[in-house]
Amino acid sequence: MPLIRPFGINEFWIIVFAAQWTIALSAIAFAGGGIGGLLIALLRVSDAKWPRLVATGFIRVFQGTPLLMQLFLVFFGMNIMGFAINPWLAATVAFTLHASAFLGEIWRGCIEAVPPGQREAATALGLRYYNRMRYIILPQASKIAVAPTVGFLVQLIKGTSLAAIIGFTELTRQGQIINNATFSPFLVFGTVAAVYFVLCWPLSVLARRMEIRFSRATTR
Amino acid sequence: MTEVNANASAAATRGTSDAASPWVVRMEGVNKWYGEFHALKNIELSVKRGERIVICGPSGSGKSTLIRCINQLETIKNGRIVVDGHDLTAGGRNVDIVRQETGMVFQQFNLFPHMTVLENCTLAPMKVRGVSKAEAEKTARKFLERVRIPEQAEKYPAQLSGGQQQRVAIARALCMNPKIMLFDEPTSALDPEMVKEVLDTMIDLAKEGMTMLCVTHEMGFARQVADRVIFMDRGEILEMGTPDEFFGNPKNERLKIFLGQIS
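As they're listed, the protein sequences go chains A and B.
Residue 109 in numbering that gives the first Met the number 0 sits at position 110 of the first sequence, with consecutive numbering throughout.
Residue 109 in numbering that gives the first Met the number 0 sits at position 110 of the second sequence, with consecutive numbering throughout.
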């Protein structure tokens, strides 16, 4: 058996199927980040000082450090705290925290973009915080949020490639493995990049369309 | 005996004892600052049940701030505000109760754009008062009829003219069955041809005996419906009187200048 095998159709399909792990990691991080992000956004617009400070601190830490360091810190940090080394768990936790911070900041902006008169009118009608948020503020903020949220999802999918470094076998890691066996880096990573593109490009188009639709809706 | 007790306990839960007083709004020594800016200076104002008050004055004089303090959209630095026996400055549930009993109409309408006219009108009664959907819709249609736009119930605010939107805003406030209506320059954002339809709605409301505090530049409206007209400038109430006194024989110099400018 030769040490180096050629890059053939089998190798191609192995890379393509590895995309499922990229999609799975992105989906978990996006879902977890959605919940965490909503919490962060709500804390960030709170009237009380401490929740606001905590949320701001959380966002600043994740905005001000490289994603790779966040991944390392969670990966090695969990090990120090006595958890067995587990790339899956570390990657999902790190990306969920990362997505929570960024979605939290994006959605804070969307909540604040709802005209203040809306909150005042709801308050004047006697609606309290929960009902104001649920029926008045968040429905309007979510319309504004759709396009930038999809935009962030694209960033997140591309960002999951860093999980390869802690040994999480997703698209990029699978590419590295295949490359070690075939030594055709251009073909291998060209294929990997093409798969990312196929995942991300439709989302980018969708985000741009929604942005256009939204700006049309608001200028009317 | 039981009735007395019931009244006493009702007063106790309200936190004050003057629920039966004729004054529905009392402001005593109210002061408010925005940073260094003294927005309200020692405001003393008492409003009787059923009274119609018009507040006028140059922009930045504190008139909007004053009525926004009544439902605590603005908080005050010191002084006391009691609305229908509920002391706002005492805190607790009083603020919520007062907001439920006070309707407000804004310059920019502030209808909820993602809801139909009917939904705008039924949300607060359902969520705040716990009224059933059917009953809330019945009430909403009644008030939409009163402001003469029952046929617009299923439309969205963006599909209506400014005057229609403001009438929906009035109906929406009335659906909560408020004891007091606050109007914050309700016609200032309207095209001239739509001012009348909104004023007519307000005049109807005044005729029905609603307690109203209106910040407005519509002096015709003030003459026609106001029991008292108030002039504010630089955060102070400078003159207060019946429309006849106020317009016929103004005493304050700044009021004379103001009346000269707007007439």
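A virtual CB, placed ideally from N, CA and C, is assigned to each residue, including glycine.
Quick caveat: nothing in here was measured; it's all calculated off a predicted structure.
Interface annotation, asparagine 70 (chain B): in contact with chain A, CB-CB separation under 8 Å. Straight across, the Cα-Cα distance linking glutamine 117 (chain A) with leucine 137 (chain A) is about 11 Å.
When CB distances to chain B are screened at a threshold of 8 Å, the residues of the stretch 127–146 of chain A falling below it are Arg127, Asn130, Tyr134, Ile135, Pro138, Gln139, Lys142, in chain order.
Under the DSSP assignment, histidine 216 (chain B) falls outside any alpha helix (DSSP H); it carries neither an H nor an E label. For phenylalanine 230 (chain B), the secondary structure class from DSSP, reduced to helix, strand or coil, is strand. For alanine 112 (chain A), the nearest beta carbon of chain B is not closer than 8 Å to its own beta carbon.
For aspartate 183 (chain B), the enclosing beta strand (DSSP E) covers residues 179–183. Residue contact check for threonine 122 (chain A) against chain B: a CB pair falls below 8 Å. According to the DSSP secondary-structure assignment, glutamate 27 (chain B) is paired through a beta bridge with B:Arg79. Contacts with chain A at 8 Å (Cβ-Cβ) do not include leucine 65 (chain B). If you draw a straight line from the Cα of methionine 180 (chain B) to the Cα of asparagine 251 (chain B), it comes to about 28 Å. Only those residues of the stretch 154–177 of chain A whose C-beta falls short of 7 Å from the nearest C-beta of chain B would be listed, and there are none. Interface with chain A (8 Å Cβ-Cβ cutoff): alanine 123 (chain B) is included. Straight-line measurement puts the Cα of tyrosine 128 (chain A) at about 26 Å from the Cα of arginine 166 (chain B). Neighbourhood of phenylalanine 105 (chain B) in chain A, by CB distance below 9 Å: Gly116, Glu119, Ala120, Ala123, in chain order.
Below the 8 Å Cβ cutoff, chain A contributes Leu126, Asn130, Tyr134 as neighbours of lysine 126 (chain B), in chain order.
Phenylalanine 167 (chain A) is a Cβ neighbour of alanine 90 (chain A), given a cutoff of 8 Å.
C-alpha of glycine 103 (chain A) to C-alpha of alanine 28 (chain A): approximately 13 Å in a straight line.
Across the set B:Ile148, B:Cys174, B:Phe105, the C-alpha of B:Cys174 shows the shortest separation from the C-alpha of serine 131 (chain B). If only uninterrupted beta strand (DSSP E) runs of at least 3 residues are considered, none is enclosed by the stretch 130–196 of chain A. Under a 10 Å Cβ-count criterion, lysine 31 (chain B) is classified as buried, with 16 or more other Cβ atoms of the shown protein chains found around its own Cβ. Along the stretch 173–184 of chain B, the positions whose C-beta sits under 7 Å from a C-beta of chain A are Met175, read in chain order.
Boundaries of the alpha helix (DSSP H) harbouring methionine 193 (chain B): 191–206, taken from the DSSP string.
In the structure shown, glutamate 73 (chain B) falls within a coil segment according to DSSP collapsed to helix, strand and coil. For isoleucine 236 (chain B), no alpha helix (DSSP H) segment is defined; the enclosing uninterrupted segment is the beta strand (DSSP E) at 235–240. At a beta-carbon threshold of 8 Å, the residues of chain A lying near aspartate 95 (chain B) are Gly125, Arg127, ordered along the chain.
The residues Arg51, Met211, Val224, in chain order, have a CB closer than 8 Å to that of alanine 205 (chain B) in the same chain once the five nearest residues on each side in sequence are set aside. In the DSSP assignment, glutamate 111 (chain A) falls within the unbroken alpha helix (DSSP H) covering 86–112. Out of A:Gly81, A:Val149, A:Arg131, A:Asn78, the CA that lies nearest to the CA of tryptophan 106 (chain A) is found in A:Val149. According to DSSP, residue pairing for methionine 103 (chain B) in a beta bridge involves B:Leu181. From the listed residues A:Ala144, A:Phe185, A:Thr171, the smallest Cα separation to lysine 157 (chain A) is found for A:Thr171.
Below 8 Å, enough C-beta pairs join the stretch 37–51 of chain B and the stretch 63–75 of chain B to call them touching: three or more.
Histidine 113 (chain B) has a beta carbon lying within less than 8 Å of a beta carbon in chain A. Just measuring C-alpha positions, the residue of A:Phe213, A:Ala47, A:Val53 sitting nearest lysine 142 (chain A) is A:Phe213.
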